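Just below is one structure, and these are the notes that go with it.
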Amino acid sequence: LNQTPVVSSVSKVQAKTLFLSNQLQTKNVYQVFASKLFKPCSFAKADRTSTYRQYPLRNIKASAGRGRREFSDLDKSEKVVKGGRRMRRTRDEDQEVTEKDGASNEVKSTPKSKTKKDSESASPGPVEKRAKKASSAVSEVEKPPEAESSKEGSEQKLEAASAKPAKPKPARSVLERAPTPRAEHPPPGRRFLAISWNIVTIRSLVNKQPGVLTKFMETYNPDVICLQEHKLQEKDVAPIEAELAKLLPHYTPHWTCSLEKKGYSGIVVLVRKGVGGTGAPAQATLDAFLKKSPKVESKQAPSETSIVPEKVTKGMGVQEHDQEGRLITLEYPAFFMVFTYVPNAGEGLKRLDYRVEKWDMALKSYLKELEAKKPVLLGGDLNVAHLDRDIWNVEAKHISKSAGTSPQERASFGTLLESGFVDTFRHFHPEAEHCYSYWSVRAGNRSINRGLRLDYFLASSCLLPSAPAPA
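Taking the working numbering, I'd label the letters of the sequence shown as residues 699 to 1169.
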């Protein structure tokens, strides 16, 4: 071109609008404002369709006010100058475009009376036509009102083309929990009530929701409750223990904390105060716990017959496992009560080998040692869904690759049961469906009861009656 047009202040939206509205039709203009999917695009005008090649935006930045874009004549190799980088068309592309331009821009024949020189000056050639079109494109950009109207029309077309009818989300059905009636609670002195609760940080429960804890304890009035995953370090125990003393003055806490990681695992066992193990009759079976008796008020004060442990032991005596503060044993006159928070296999099952080959084996050995002296009760978050009916979506493909539902963890738990322990819930409710203890908060699954049963109470087989207790 005799004069090289320079576009230096075209915004991305305006330039895109001009292209979409077919206002830039010159074949020697690069479409620098297109999307990053570099596909050829076509613009129809009158009796012909012109195709332009899109060049990578990583080499030609389209931000307004940064550098400039120059368009040279077709008889030379076309260049795009931006930030010191250049892009050239290949010789074949130059020749092909030049031939097409020559064919489509032939000069019409002039009257014989005019000379060749006059005809050339009267009829503009292809170069002048391209310069005129490029100049008109620049002038169009400099007209804000028209550009805005073109922009609005183009955006409306784009929105209409890209708009897709929104598919209504299917309503998620609620999985109804099967009825699992409990026996009426006998009065203290004739019962032992233990509760396991994974609270996932005790600070939130004590500082922000103290009423939840006090109401729960008043309702059930347990002999002992284990709060798992408190996530405290030993130096943080004192202030929380002081708050617990205000909320639950009739309970004595026993703590174990993780020494390896901060803000990780840990359990606390709250034992109701009393006169000691001699204050309540020794019990050898769970028949006494489950035997029906008249109802009593749940808000009664602790009595002198409250059963308390003779000894409290932290850990199982193996340093590798005791560093994470996951186990506390209470020794009563007639049995052992063991609370534990079993390690999770982790994301991607990265701790699966430790969980199955080390922890589970050590826990089974420890329980069998205790059982050689007295019957054993084991309670807590065991982080495993044993049976298919303990998993709401057992047919899902990811189940076998997820922590708590992997075949290895489920088989290992089965081995523990085969060694002489009984899943007390399944003993009394073997066919109960949709009875879960964990729900994904992120997925909002609790309201529709889609979860896993990860929390258990196991008992030595000698503690259980021969037949399920009546409803």
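Ideal Cβ positions, reconstructed from N, Cα and C, are used throughout, including at glycine.
This one's a predicted model, so the numbers in the text were calculated from it and none came from an experiment.
Going straight from the alpha carbon of LEU1162 to that of LEU1150, what length do you get?
25 Å
Buried or exposed: where does MET1035 fall if 16 or more other Cβ atoms within 10 Å of its Cβ makes it buried?
Residue environment for MET1035: buried (at least 16 other C-beta atoms within 10 angstroms of its C-beta).
Taking MET915 as part of the alpha helix (DSSP H), name the residues at either end of that continuous run.
908-918
Just checking my contact of CYS1133 with PHE1037 at CB under 8 Å: how many whole Å lie between their CB atoms?
At roughly 21 Å, the Cβ-Cβ gap does not stay under 8 Å, so CYS1133 and PHE1037 are not in contact.
Under 8 Å, do LEU930 and GLY972 count as touching if we go by C-beta distance?
No, the Cβ-Cβ distance between LEU930 and GLY972 is not below 8 Å.
Report the rounded CA-to-CA distance for ILE1005 versus CYS1160, giving the unit in angstroms.
21 Å
Quick one, are the C-beta atoms of ALA1083 and THR1103 less than 8 Å apart?
yes
Which whole-angstrom value describes the C-beta separation of GLU1238 and SER956, a residue pair presumed to lie in contact below a C-beta threshold of 8 Å?
Outside the displayed range of the chain (699 to 1169) lies residue 1238, so it cannot be described from this structure.
At which residues does the alpha helix (DSSP H) containing ARG1108 begin and terminate?
1105-1116
Give every residue of the same chain whose Cβ lies closer than 6 Å to the Cβ of LEU903, excluding the five residues on either side of it in the sequence, and list them in chain order.
ILE897, LEU911
Give a yes or no on contact between the segment 1054-1069 and the segment 913-920, applying the rule of three or more CB pairs nearer than 8 Å.
no
Among GLU1107, LYS1062, ILE900, nearest to VAL967 - alpha-carbon criterion:
From the listed residues GLU1107, LYS1062, ILE900, the smallest Cα separation to VAL967 is found for ILE900.
Are the beta-carbon atoms belonging to PHE1033 and LYS1072 less than 8 Å from one another?
Cβ distance < 8 Å, so PHE1033 and LYS1072 count as in contact.
Considering only their Cβ atoms, is the gap separating LEU873 from TRP1090 smaller than 8 Å?
yes
Along the alpha helix (DSSP H) that carries ARG1124, what are the first and last residues, could you check?
Note, ARG1124: alpha helix (DSSP H), 1122-1126.
Using the Cα positions of VAL1139 and GLU1093, report the straight-line distance between them to the nearest angstrom.
21 Å
I'd like to confirm the pairing. Which residues does DSSP put opposite CYS924 in its beta bridges?
DSSP output for CYS924 lists SER894, VAL967 as bridge partner(s).
Using the Cα positions of SER1158 and LYS867, report the straight-line distance between them to the nearest angstrom.
Rounded to whole angstroms, the gap between the alpha carbons of SER1158 and LYS867 is 48 Å.
DSSP state of PRO937, grouped into three classes?
The answer is helix: DSSP assigns PRO937 an H, G or I state.
Around the Cβ of ARG970, are there at least 16 other Cβ atoms within 10 angstroms (buried) or fewer (exposed)?
ARG970 should be labelled buried.
Integer Cβ distance of ALA1060 from VAL1016, believed to fall under 8 Å
5 Å
Measuring alpha carbon to alpha carbon, tell me which residue in GLU1018, ASN919, ASP921, VAL1054 is nearest GLU1107.
VAL1054
What span of residues does the beta strand (DSSP E) with ASP1153 cover, start to end?
1153-1158
Quick check on GLY961: buried or exposed, where buried means 16 or more other Cβ atoms within 10 Å of its Cβ?
exposed
Kindly indicate which residue of VAL922, THR917, ASP1153, LEU1028 has the alpha-carbon position closest to the one of LEU891.
VAL922
Using the rule of at least 16 other Cβ atoms within 10 Å of the residue's Cβ for burial, across every protein chain shown, is PRO1007 buried or exposed?
buried
Determine the direct distance from the alpha carbon of ASN919 to that of ARG888, and round the result to whole angstroms.
In a straight line, the C-alpha of ARG888 is about 14 Å away from that of ASN919.
Tell me whether TRP1137 sits in a helix, a strand or coil according to DSSP, three-state version.
strand
Taking only runs of the beta strand (DSSP E) that begin and end inside the segment 1014-1093, which ones reach a length of at least 3 residues, in chain order?
1025-1029, 1034-1039, 1074-1079
Distance CB(ASP1153)-CB(SER871) smaller than 8 Å
In this structure, SER871 does not lie closer than 8 Å to ASP1153 by Cβ.
Under 6 Å Cβ to Cβ from ILE1146, same chain only, skipping five residues before and after it: list those, please.
ARG870, VAL872
Could you have a look at VAL904 and say whether DSSP puts it in helix, strand or coil?
helix
Cβ separation of ALA1043 and ALA1101, assumed to be a contact under 8 Å, to the nearest whole Å:
The C-beta separation of ALA1043 from ALA1101 comes to about 4 Å, placing the pair in contact by the 8 Å criterion.
Give me the Cα-Cα distance between TYR1136 and GLU1018, rounded to the nearest whole angstrom.
28 Å
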